[in-house]
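The block underneath contains the structure these notes are about, expressed in structure tokens.
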Amino acid sequence: MIRTGRILGELLEKQQEAEQWLLRFEAQAEYMWNLCSPLIQSGESASVFTFAYGGKLYVMASQGLPNTLYHPMGFRRGSGKVY
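The working numbering applies: residue 226 is where the sequence shown begins, and numbers increase by one.
Listed below in structure tokens is the structure:
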């Protein structure tokens, strides 16, 4: 996210605006994790499942929502085992 934001800022010649946006994003993310972290047990893992058009079920691995969940103050990646 941060790398992509900086690249976009450079491409659009809006580096300062991109840096300001990234600083706000990081502050909001830290605030959110400070609120959520007491609710997450140490070592707790999470997986993201989504239904797509046609009723197909997908497990999201490393793009989108999982990048938000797998955070030092959040969830760890699952072991791959199904319980």
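Note that the Cβ used here is the ideal one computed from N, Cα and C, for glycine as well.
Reference H296; option with closest CA among C261, K281 and Q240: C261
Which term fits F276, buried or exposed, when burial requires 16 or more other beta carbons within 10 angstroms of its beta carbon? exposed
Shortest alpha-carbon distance to A286 belongs to which of G303, W246 and W258? G303
Output the boundary residues of the alpha helix (DSSP H) element that contains A286. First-last for A286: undefined, no H or E at that position.
Would you grab the beta carbon distance between S270 and R301 for me? Rounded to a whole angstrom, and I think it's under 8 Å. 5 Å
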